[in-house]
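Numbering (the numbering used here), first residue to last: 791 to 1151.
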C-alpha cells in the first residue's frame, strides 16, 4: 500500500501568479507592474497598518482562539448573531475546513468549470468525486448545476462574482436555483469580490436571504488590501459554525490579522478610494480593449478578463508583456486557456500596461 494516497499523488498544486521578486530575479528588470493576482493597488488601509504595528507588542501571546472582537464587529455590521460568524486563514482556509467537516468519502461536490480552482484542489484532496458544470458564455450556469444534483451530492460551490470571469448570476436566477437544492445539500457562496459588486441591484447579496443550507464566504484580501495577512470570514447557521469551530486550528487567524480586520472595517475612506480607483480603471480598460479590438468580459470585480483566439496567442502575449515588466495571468489552469486576466491597478500602472499591450500586439 503506498504511503501517499493515489488521489493526493494525482493532485496538481495551486500555481500562483508570478511575484514581482521572481520576475526581477529572472529578467533583471527594475520596474515591474503586477496585474496578475487581484491585489489592492492602493496598498494597506492606514488604520489597519497602525493596528498591526501596535499588535506586534503582544505577539509573544497566543491570539484569541475565537476571534471574539472581529466576529462581534462583523456580526454588528451585518445584523446577525456572533454565533453565525466564522473566521479563517483566508476564504481558502475556510473552504478546506468545510470539506473536512461535512464531506464523507462516498459523497460528491459540484462546482462550475472556469471558476476558483482552490475549491477543486480541496475537493480532490478529500478523494471525493467532483462534478463540474460547463460555463455558459462565461457565466456560471445554475440550471446546468441543478441538473447534476444527485442523491450523493453534499456540497455545491458557487463563486459570485466568479473568478476568473468576473461575471455574476442575478437575483432571479439564484432564487430559482436555490429552490431546486435539497436542504441536505450545503451551498458555499464565495463572495470574495462582494464589495465591488454589491451596489448592482441585480447582484444577489446572500446575506439578504439567510438560508439555512448556505455558507457565505468573504475576505479582507481584496477591497481591504490585506491579502498578505490571510484573513477570511464566513456567515452561516450556528449549527454549521459550531461544528466548524470544533476542528479549526485553535489559534487561527493570527493576532496581527485579527487586529488588522477590526481596524480595516472602520476605514471607510480607504474602501471608498479603492472602489473609486477601481471604477475609473475598469472604464479605462474597457475603452482600451474596444480600441484595440480585443474581446473582454464585463466585470463585477477588480479585474477584467480578455479573450483571444488560442492558447498559443495567450502565451505569446503573456510572455512578451512579462519581458516589458507587466505581469498578467494566463488562465489555462482555470480551464480557460484562451483567456488572460488583468487586475485593475493604479492609473500609472494601467497606462503602462496599455502601452505595453499595444506594442506587443
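Note that the Cβ used here is the ideal one computed from N, Cα and C, for glycine as well. Small disclaimer: the values here were computed from a predicted structure and weren't measured.
- Our two residues, residue 934 and residue 980, have alpha carbons roughly 19 Å apart in a direct line.
- Non-local C-beta neighbours of residue 1052 in its own chain, meaning closer than 8 Å and more than five positions away in sequence, comprise 841, 859, 860 and 863, ordered along the chain.
- Nearest C-alpha to residue 1070 among 971, 1045, 1135 and 1043: 1135.
- Under DSSP, the beta-bridge partners assigned to residue 943 are 898.
- The alpha-carbon separation between residue 1137 and residue 854 amounts to approximately 40 Å.
- Residues of the same chain with a CB within less than 6 Å of the CB of residue 831, apart from the 5 flanking positions on each side, are 1135 and 1136 in chain order.
- Boundaries of the alpha helix (DSSP H) around residue 1149: 1137–1150.
- As the crow flies, the alpha-carbon of residue 897 is around 6 Å from that of residue 944.
- The count of Cβ pairs closer than 8 Å, one atom from the segment 1119–1127 and one from the segment 899–908, reaches three, so the stretches are in contact.
- Per DSSP, the beta-bridge partners of residue 929 are 926.
- Residue pairing by DSSP puts residue 1086 in a beta bridge opposite 1096.
- Restricting attention to beta strand (DSSP E) runs no shorter than 3 residues, the segment 940–983 encloses them at 943–949 and 976–980, ordered along the chain.
- The Cβ atoms of residue 1015 and residue 833 lie closer than 8 Å to each other.
- Judged by beta-carbon spacing, residue 1090 lies within the 8 Å limit of residue 956, meaning their Cβ atoms are closer than that value.
- Under the rule that a run must span 3 or more residues, the beta strand (DSSP E) segments found entirely inside the segment 987–1071 read 1004–1009 and 1022–1025.
- In the three-state DSSP reduction, residue 836 falls in the helix class (H, G or I).
- Bounds of the beta strand (DSSP E) holding residue 1132 are 1129–1133.
- If you check the CB distance, residue 978 and residue 948 come in under 8 Å.
- Inclusion of residue 1117 and residue 794 in the CB contact set at 8 Å is not warranted, their separation being larger than that value.
- With respect to the C-alpha of residue 1079, the residue from 851, 964, 1143 and 891 having the closest C-alpha is 1143.
- Proximity to residue 1093 across 1111, 1067 and 1103 peaks at 1067, based on C-alpha coordinates.
- Closest in C-alpha terms to residue 1150, from the list 1003, 1119 and 1111, comes 1111.
- With respect to the 8 Å criterion, residue 950 and residue 958 are classified as neighbours on the basis of their beta carbons.
- Taking 8 Å as the upper bound for CB-CB distance, residue 835 and residue 1060 are in contact here, some 4 Å apart.
- By DSSP's assignment, residue 824 forms a beta bridge with 1117.
- In the structure shown, residue 1125 adopts coil according to DSSP, grouped into three states.
- Within the same chain, 898 come within 6 Å of residue 919 by CB-CB distance, once the 5 residues on both sides are set aside.
- Contact annotation: residue 1131 and residue 1113 have beta-carbon atoms that are not nearer than 8 Å.
- Put simply, of 828, 827 and 809 the residue whose alpha carbon is nearest the alpha carbon of residue 819 is 809.
- CA-to-CA, the gap between residue 961 and residue 970 works out to about 15 Å.
- Assignment of residue 1102 by DSSP, reduced to helix, strand and coil, places it in the helix class.
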